[in-house]
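Take a look at the structure below.
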Amino acid sequence: MANQITRGRFITLEGGEGAGKSTQAARLESRLRARGFESVLTREPGGSPLAEQIRSAILSGAIAPLGPAAEAVMFFAARIDHLRHTIRPALEAGKWVICDRFSDSTRAYQGALGNLDPRFLRELERVTVGPTRPDLTIVVDVPAELGLARARARSAFVDRFEAEGLAFHEALRSAFLDIAGEEPRRCAVVDGTGDADAVSDSIWGIVCGRLIDSAESPPEQKAAP
Ligand code: Z5A
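For the sequence shown, my numbering puts the final residue at 226, and the numbers step up evenly by one.
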């Protein structure tokens, strides 16, 4: 009998600006590979050719005058393409998907801070994401001031969201912590203030505890002929 391909695992990293999500997503992917898990590192908005085009439009600020509902719709449009062309094919092939931001960012940025009706976002999430929800979401938590300082030290370019003030970023931090508090089985909060090695070790401990140690072995990557 042909081997069944075990679905891969879907891990998202969330948090405010400069929390260290991209750094940690890359480190997590390397650690998974070193353990023998085939994995795909991706990001939102973006992660597929059409979604990357939508990313450019959103981050340029061109959509902002239409308001948070229009921005949310654009993020979900990008997500549809990302799920179709990158995330679902990888998961179905047994690969682990590490995604730098996903739907929780829409809930926090457009939902909590844009004052959108949560029912509107839930419905968009239901019809676009459907059952492809993350198995684990790591919320990398740092004080807003530290995150903004890191983001600004990295680059002089300020995108549409980085241009918002400190109060916005503090509220954003609370929105992510609220999401994690509401869904503790899916989410884990990691203190992102330590050095990158320490944060990476904390994340790895959570991934091992919740997803790897419970798995018997790395998933089959290919079905036998
Ligand atoms: N957005 C939205 O509104 N709705 C949505 O649905 C989605 C997104 C999906 C995407 O921007 C924007 O879109 C984002 C939310 C919004 N808002 N903004 N801006 P992006 O993809 O260009 O960037 P980002 O996701 O916001 O990333 P970031 O916050 O700018 O950075 P980060 O990924 O959290 O951190 P990093 O790049 O890993 O690190 C930042 C710097 O700090 C860098 O120089 C690192 O070397 C340094 N760093 C990292 N970790 C450490 C530690 N532990 N110690 C010291 N220094 C560190």
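By construction, the Cβ of each residue, glycine as well, lies at the ideal position given by its N, Cα and C atoms.
Buried versus exposed call for residue i [16 or more other C-beta atoms within 10 Å across all chains shown]
{"i": "residue 131", "result": "exposed"}
{"i": "residue 186", "result": "exposed"}
{"i": "residue 155", "result": "exposed"}
{"i": "residue 167", "result": "exposed"}
{"i": "residue 72", "result": "buried"}
{"i": "residue 1", "result": "Since the first residue shown for the chain is 2 and the last is 226, residue 1 is missing from the structure and cannot be characterised."}
{"i": "residue 182", "result": "exposed"}
{"i": "residue 58", "result": "exposed"}
{"i": "residue 108", "result": "buried"}
{"i": "residue 128", "result": "exposed"}
Distance, residue j Cα to residue i Cα
{"i": "residue 33", "j": "residue 10", "result": "11 Å"}
{"i": "residue 190", "j": "residue 178", "result": "8 Å"}
{"i": "residue 106", "j": "residue 85", "result": "19 Å"}
{"i": "residue 26", "j": "residue 99", "result": "6 Å"}
{"i": "residue 39", "j": "residue 95", "result": "8 Å"}
{"i": "residue 7", "j": "residue 214", "result": "16 Å"}
{"i": "residue 144", "j": "residue 50", "result": "33 Å"}
{"i": "residue 210", "j": "residue 165", "result": "37 Å"}
{"i": "residue 56", "j": "residue 45", "result": "8 Å"}
{"i": "residue 12", "j": "residue 66", "result": "32 Å"}
{"i": "residue 226", "j": "residue 203", "result": "Legend: pLDDT at residue 226 = 37, less than 50; position of this residue unreliable, value from coordinates given subsequently. When rounded, the distance between both Cα atoms is 39 Å."}
{"i": "residue 53", "j": "residue 76", "result": "11 Å"}
{"i": "residue 119", "j": "residue 111", "result": "10 Å"}
{"i": "residue 104", "j": "residue 126", "result": "7 Å"}
Supposed contact pair residue j and residue i - C-beta distance, whole angstroms, cut 8 Å
{"i": "residue 30", "j": "residue 14", "result": "Incorrect: roughly 11 Å between the Cβ atoms, too far for contact."}
{"i": "residue 22", "j": "residue 141", "result": "5 Å"}
Residue i: first and last residue of the uninterrupted beta strand (DSSP E) it sits in
{"i": "residue 211", "result": "Note, residue 211: premise wrong, no beta strand (DSSP E); not H, not E."}
Where the alpha helix (DSSP H) through residue i begins and ends
{"i": "residue 179", "result": "167-183"}
{"i": "residue 82", "result": "69-83"}
{"i": "residue 20", "result": "Segment: none, residue 20 is in no alpha helix (DSSP H) and carries neither H nor E."}
{"i": "residue 151", "result": "145-155"}
{"i": "residue 140", "result": "Note, residue 140: premise wrong, no alpha helix (DSSP H); beta strand (DSSP E) at 137-142."}
{"i": "residue 87", "result": "Segment: none, residue 87 is in no alpha helix (DSSP H) and carries neither H nor E."}
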